[in-house]
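K.L.:
Residue 510, in the numbering used here, is where the sequence shown stops; the numbers in between run on with no holes. Where is the CB? At the ideal position from N, CA and C, for every residue including glycine.
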Amino acid sequence: MISRRMKAVKIVERDISDSVFGKDSRPREVKTVQMAICTLTGAEVQYLNINAQGSSHVGLTLDRTLKHGQEVHDGDDVYRITYPNNDARLSQIFLERVIADG
């Protein structure tokens, strides 16, 4: 059951205006949602939407307010939302894993 894999993750977004004015954009925690995150590695999935290509993981959640560009923080793992699909009972949030520099 997917509900057993649901756990609390933080949704973070960065202020775009900071980078426009040459300042480092500071992350701002928007909220916490319940999400199950699964890997897409090794799966041969054909996407009808070009925005979903390049995603490495998919998150399932009941929250329908998540947007492209926001980040999902799951402990030490950080994912960028590449494409939110809200057409089903559970929203499918296509994610790209962010690799930290250094």
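Does the Cβ-Cβ distance between residue 410 and residue 438 come in under 8 angstroms?
P.N.:
Residue numbering aside, residue 410 sits at position 2 when the sequence shown is read from its first letter. Residue numbering aside, residue 438 sits at position 30 when the sequence shown is read from its first letter. No; because the gap between Cβ atoms is not below 8 angstroms, this pair is not in contact.
K.L.:
Below 8 angstroms between beta carbons: does that hold for residue 471 and residue 499?
P.N.:
Here residue 471 corresponds to residue number 63 of the sequence shown, with the count starting at 1. Here residue 499 corresponds to residue number 91 of the sequence shown, with the count starting at 1. Closer than 8 angstroms, so yes.
K.L.:
Between the Cα of residue 487 and those of 495, 494, 473, 463, spot the shortest distance and give me the residue it belongs to.
P.N.:
The count along the sequence shown starts at 1 and reaches residue 487 at position 79. Ranking 495, 494, 473, 463 by Cα distance to residue 487 puts 463 first.
K.L.:
For the beta strand (DSSP E) holding residue 485, just list the boundary residues, first then last.
P.N.:
Looking up residue 485 in the sequence shown gives position 77. Note, residue 485: beta strand (DSSP E), 485-493.
K.L.:
What did DSSP end up calling residue 422 once you bin it into helix, strand or coil?
P.N.:
On the sequence shown, position 14 is the one that residue 422 refers to. Three-state result, residue 422: strand.
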